[in-house]
Amino acid sequence: MNSKFSRRSFLKSAGLAALAGGFGLSGLSGIKRVSASDHLQGLPRLLYLFPGTPQADVATVQAALSEYMAERIGATIELRAIDWGAFNDQIGLINASGENYDLGFTAPWTNNYYSNVDQEYLAPIGDLLPDLAPGYWASMTPETWEAARVAGNIYAGINQQIFVKPFGPYIRADVLEAIGAADAFKALTGYAGLTDILAAAKDYVDGDDILTHVTYYLDPIMVPENWGFDPVDGLLVVKSTDASAQVQIFSETDEFRQGAELVRSWLQAGFAPADPATLGSGDEAWAAGLFAVRVSDIVKPGGNAEVEARWGVPVASRAIAEPLLTTGSVTATLNGVSSISANRELAVKFLELVNTDPVFYNTLCKGLQGVHWDWADEASLLIKPAGGAASFGDTGYAPNTDWMYGNVFNSYYTDPTQVGAWPETAALNRGARPSPVLGFTFDRAAVDTEVASVAAVVDEFANPIRGGFVDPATAIPALNDALQAAGIGAIRDEMQRQVDAWLAAKA
Amino acid sequence: MATYSEKLRAQKRADTDQLMNLIGRFSIHLVLTILALCCLLPLLMILSASLTDEIALTRNGYTLLPAEFSTAAYELIFRNPTAILRAYAVTIFTTVVGTVIALMLMSPLAYVLSRPDFIFRKALSFYVFFTMLFNGGIVPYYILMTQYLRVQDTIFALLLPYLVVSFYVLILRTYFAGLPEELLDAARVDGASEFRIFISVALPLAKPALATIGLFTALNYWNDWTTALYFIRSAELYPLQYLLYIIQSNAQAMQLQSSVGMNMGDVPTQTARMAMAILATGPAAVFFLFFQRYLIRGVTLGAFK
């Protein structure tokens, strides 16, 4: 397979190089197209596995990246995107069978980081990072790096992106304008204050032909971050202002009850469909123009433009949740080094390159200048699809997953409304309140059984409460009884014990 | 001589019997109709959804008849049909070639296992039976395929797993064992070799069983997507069901991502996904109708023994 692949990639890149030479194309900055040259053959090749849609033109990008890497770290790269739907299964088998690869995307939500560490599929790189990736190591605070530390060592590099989750409502600008609530919306400090705006929006929606409901899901209101908690693990939370880090059960807090009552009253007021299951997925409905408000989503710099692109209408947003730096939000996107990789140090050097070198990083994210993209405005780092293509997707290389590979603050802007969003996001990260348990990760091993039973209870009892489908007055006590029966108390005690030990070790 | 009242009683009894019979039939038919509807309605829903206008679908939800008829989803798929045509080619190839090879491997194996005079019969039977009960699990399977056989990302990875299925071998063996011994003896008297007996006598007699096992195997190949999930990386080798799975699960993964605030690009529309489902299942349904009579005869095979 390998020989076939390199032959194909050779033919393709050689052909393209000939083409480029013929047209006299050459980028002044950025990485030029190159043929797969012989002098790269002897170098170690790093195999990088990550989820994504395989790109038609990956061979060209891979050859260019390899050339660039060869000069700097003496290695080349093979990019292997595995389809989103297959990634978790395939990399699981690759890990379990001891198949060789060097770098792999890992996170708590796919190719689970913690179980990878637990199974020793990932190499400890905590000691290598400061020496072999000094720029990368210095680009984040020590507290941030602590978040990736498991059982005493760091097993993956963190991709800088938005670490905080300042949740808040989004509303269609035309609706907000029509109901004359712009000032009230801007002054919002809590979700309770949103009720009047939603009620006014409902009147507007009722008189509109296309809009069917004010909003769709109400559940996002019930994320712990909206109520000032760090969701350490499931329903077990720590109040962001609680320096003593007392572990609480979210469903037993006053905030949970208030939130549930609010959501219930909104559902009863008809702000959201009583049977959302028949409505398909959220985004399609919003794109079809059925809803006016998204009650709670991450409000971030450039976020309005992103939502506008999805919904097709301008929107306004207002952050309500306090920006909070938590272990979960920092470790959302990681790249690990396989424990059986023979090129562990080179892989760490790759992490340095991809996280600190904007030219290298953007080639990986966006492809080659002149082939896949061109400057729209170099001064503001804004790019456009190359050769007059209608979209980046038409250029043959547009993975559109910058956050997967490295520091997104180095990424070029693709939309004029995004320009300037990265420094703002970085400032948001810096200004965020660190959770009292930032860097702590819960080891579930001792309470595995209870965790599984609690998850079943949450599915059965908690989700209807979050959506407002049941009366909180009776449903919350029922939920808490079921949680206690499932052993949530044992999980809380175990977590508190681990948190106390972690705090003591830190002091 | 039967009295009039006796006649009347007999008549009444017959009437009651008939009524009971009618009620019995009616209730059986009712149950079967409900079961049939349970199977058919979801399929019809998908068909209707695939022919509905995207926005109308989102507004009205799934209905049995399209609220606003539209073929946009099919047009979208057939605007760039390479992926689906290729997937059809892969699936048809594995189904046809796989089924033929599988029958060529399983029928001789089953035949020798059915012969009482075969010396390794017990050992070989045990070998077949044992693998039906126990297997190494997914990781050893993956290691075998990728590190020893080295078939990952080739068409062989899709063919190998269903070539010999122990359970089917046992069904075939039972059928072969049930063939009248006299017919085989007659051939022997005529001087036929064991191989000739198998080819010219046993195989033609076993046609119903072969058709059944062939159908099962074909369905295995047609519906298989897990093998591709584990072993196939190149999009050119995606079989149909896996393509369908990938489209659905990519859409889910993308929605998960966009819900945590990461931009994922275009999610295929609901109607397009439904249209894909119809395009992938439609031919299999026709296939089934064609082989149905063999299937029904085949599944009752075990009952004779």
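Protein chains in written order, with the numbering used here: chain A, 1355 to 1861; chain B, 1019 to 1323. Even glycine gets a Cβ: it sits at the ideal position worked out from N, Cα and C.
Terminal residues of the alpha helix (DSSP H) in which residue i lies
i, result
"Phe1714 (chain A)", "1712–1720"
"Lys1654 (chain A)", "Lys1654 (chain A) -> no alpha helix (DSSP H), and no H or E assigned at all."
"Phe1249 (chain B)", "1244–1249"
"Arg1611 (chain A)", "1608–1622"
"Pro1770 (chain A)", "That residue, Pro1770 (chain A), is in no alpha helix (DSSP H); it is neither H nor E in DSSP."
"Pro1226 (chain B)", "1225–1241"
"Pro1478 (chain A)", "Note, Pro1478 (chain A): premise wrong, no alpha helix (DSSP H); not H, not E."
Among the options, nearest to residue i - alpha-carbon criterion
i, options, result
"Ala1646 (chain A)", "A:Met1494, A:Tyr1558, A:Val1801", "A:Tyr1558"
"Gly1480 (chain A)", "A:Ala1502, A:Asp1797, A:Glu1474", "A:Ala1502"
"Ala1298 (chain B)", "B:Thr1100, B:Glu1024, B:Tyr1106, B:Pro1099", "B:Tyr1106"
"Ala1553 (chain A)", "A:Val1653, A:His1567, A:Val1684", "A:His1567"
"Ala1435 (chain A)", "A:Asp1813, A:Gln1444, A:Glu1804, A:Ala1429", "A:Gln1444"
"Arg1399 (chain A)", "A:Glu1432, A:Trp1776, A:Glu1474, A:Pro1655", "A:Glu1432"
"Pro1179 (chain B)", "B:Ala1091, B:Asn1238, B:Phe1152, B:Thr1109", "B:Asn1238"
"Ala1832 (chain A)", "A:Gly1741, A:Pro1790, A:Ser1789, A:Ser1605", "A:Ser1605"
"Val1169 (chain B)", "B:Leu1062, B:Phe1249, B:Gly1300, B:Gly1042", "B:Phe1249"
"Gly1690 (chain A)", "A:Gln1395, A:Val1853, A:Leu1482, A:Ser1420", "A:Leu1482"
"Tyr1159 (chain B)", "A:Asn1465, A:Ile1448, A:Gln1515", "A:Ile1448"
"Gln1838 (chain A)", "A:Gly1821, A:Gly1793, A:Ala1809, A:Tyr1468", "A:Ala1809"
"Pro1226 (chain B)", "B:Leu1176, B:Ser1088, B:Leu1177, B:Gly1196", "B:Gly1196"
"Ile1830 (chain A)", "A:Trp1856, A:Gly1843, A:Val1812", "A:Val1812"
"Glu1093 (chain B)", "B:Glu1072, B:Thr1081, B:Asn1078, B:Tyr1080", "B:Glu1072"
"Asp1562 (chain A)", "A:Leu1679, A:Gly1750, A:Val1529", "A:Val1529"
"Leu1190 (chain B)", "B:Gly1155, B:Glu1212, B:Pro1222, B:Met1124", "B:Met1124"
"Ala1418 (chain A)", "A:Pro1788, A:Thr1771, A:Gly1724", "A:Gly1724"
"Gly1750 (chain A)", "A:Gly1446, A:Lys1720, A:Gly1682, A:Glu1579", "A:Lys1720"
"Ala1639 (chain A)", "A:Leu1565, A:Thr1681, A:Ile1603", "A:Leu1565"
"Ala1840 (chain A)", "A:Gly1682, A:Ala1861, A:Phe1815", "A:Phe1815"
"Thr1755 (chain A)", "A:Asp1748, A:Glu1778, A:Leu1718", "A:Leu1718"
"Gln1409 (chain A)", "A:Asp1748, A:Met1758, A:Tyr1759, A:Arg1784", "A:Asp1748"
Interface partners of residue i on chain A, CB under 8 Å
i, result
"Thr1164 (chain B)", "Ser1451, Glu1453"
"Ser1045 (chain B)", "Correct list: empty, because the minimum Cβ distance to chain A is about 33 Å."
"Asn1268 (chain B)", "Thr1407, Asp1437, Trp1438, Gly1439"
Range covered by the beta strand (DSSP E) that runs through residue i
i, result
"Arg1338 (chain A)", "The shown model of chain A, from 1355 to 1861, leaves out residue 1338 (chain A), and the question about it has no answer."
"Val1812 (chain A)", "Val1812 (chain A) -> no beta strand (DSSP E), and no H or E assigned at all."
"Ser1765 (chain A)", "From DSSP, Ser1765 (chain A) is part of no beta strand (DSSP E); its letter is neither H nor E."
"Asn1689 (chain A)", "1688–1691"
"Thr1460 (chain A)", "1457–1460"
"Tyr1524 (chain A)", "1521–1526"
"Gly1511 (chain A)", "1510–1512"
"Val1824 (chain A)", "Unbroken run through Val1824 (chain A): none, as it is neither H nor E."
"Val1591 (chain A)", "1590–1593"
"Ala1730 (chain A)", "1727–1731"
"Glu1432 (chain A)", "1430–1436"
"Val1853 (chain A)", "Segment 1842–1860 is the alpha helix (DSSP H) holding Val1853 (chain A); no beta strand (DSSP E) there."
"Phe1583 (chain A)", "1583–1587"
Partners in chain A for residue i, counting only beta-carbon separations shorter than 9 Å
i, result
"Ala1293 (chain B)", "Here the premise fails: no neighbours, minimum Cβ distance about 15 Å."
Contacts of residue i in chain B (Cβ-Cβ under 8 Å)
i, result
"Leu1447 (chain A)", "Ile1156, Val1157, Tyr1160, Tyr1248"
"Asp1443 (chain A)", "Leu1247, Tyr1248"
Cross-chain neighbours of residue i in chain B, by beta carbon under 9 Å
i, result
"Asp1748 (chain A)", "Here the premise fails: no neighbours, minimum Cβ distance about 12 Å."
Amino acids of chain A, ordered along the chain, whose beta-carbon sits closer than 7 Å to that of residue i
i, result
"Ala1253 (chain B)", "Pro1408"
"Ile1264 (chain B)", "Asp1437, Gly1439, Ala1440"
"Asn1098 (chain B)", "Neighbours of Asn1098 (chain B) on chain A: none; closest Cβ ~12 Å, over 7 Å."
Closer than 7 Å at the beta carbon, the chain B residues around residue i
i, result
"Gly1690 (chain A)", "None at all; the shortest Cβ gap to chain B is about 19 Å."
Original post:
When you check each C-beta in the segment 1593–1613 of chain A against every C-beta of chain B, which residues fall closer than 7 Å?
Top reply: Correct list: empty, as no residue qualifies.
**OP:** Could you say if the segment 1543–1553 of chain A and the segment 1614–1626 of chain A meet the contact criterion of at least three C-beta pairs nearer than 8 Å?
**Re:** Flag = yes, the segment 1543–1553 of chain A and the segment 1614–1626 of chain A touch.
Original post:
Contact between the segment 1792–1812 of chain A and the segment 1846–1853 of chain A: three or more CB pairs below 8 Å?
Top reply: The segment 1792–1812 of chain A vs the segment 1846–1853 of chain A: in contact.
Subject >> the segment 1655–1670 of chain A / the segment 1453–1467 of chain A touching (three or more Cβ pairs under 8 Å) >> reply: Contact between the segment 1655–1670 of chain A and the segment 1453–1467 of chain A is not established, with fewer than three Cβ pairs separated by less than 8 Å.
**OP:** Please confirm if the segment 1692–1710 of chain A is in contact with the segment 1802–1814 of chain A, defined as three or more CB-CB distances below 8 Å between the two stretches.
**Re:** The segment 1692–1710 of chain A and the segment 1802–1814 of chain A do not touch, with fewer than 3 CB-CB distances between them shorter than 8 Å.
**OP:** Could you tell me whether the segment 1697–1711 of chain A touches the segment 1740–1755 of chain A, where touching means 3 or more Cβ pairs closer than 8 Å?
**Re:** The segment 1697–1711 of chain A makes no contact with the segment 1740–1755 of chain A, as fewer than three CB pairs between them are under 8 Å.
Original post:
Does the pairing of the segment 1109–1126 of chain B with the segment 1224–1244 of chain B give three or more beta-carbon distances under 8 Å?
Top reply: Yes, the segment 1109–1126 of chain B touches the segment 1224–1244 of chain B.
Original post:
Do three or more CB pairs link the segment 1251–1266 of chain B to the segment 1095–1109 of chain B at distances below 8 Å?
Top reply: Touching, yes, given that three or more Cβ pairs across the two stretches are closer than 8 Å.
Original post:
Is the segment 1467–1477 of chain A close to the segment 1497–1511 of chain A, with three or more CB pairs under 8 Å?
Top reply: Between the segment 1467–1477 of chain A and the segment 1497–1511 of chain A there are three or more inter-stretch CB-CB distances shorter than 8 Å, so the stretches are counted as touching.
**OP:** Inspect the CB distances between the segment 1668–1684 of chain A and the segment 1491–1505 of chain A and report whether three or more fall short of 8 Å.
**Re:** Using a C-beta cut-off of 8 Å, the segment 1668–1684 of chain A makes contact with the segment 1491–1505 of chain A, since at least three inter-stretch Cβ pairs fall below that distance.
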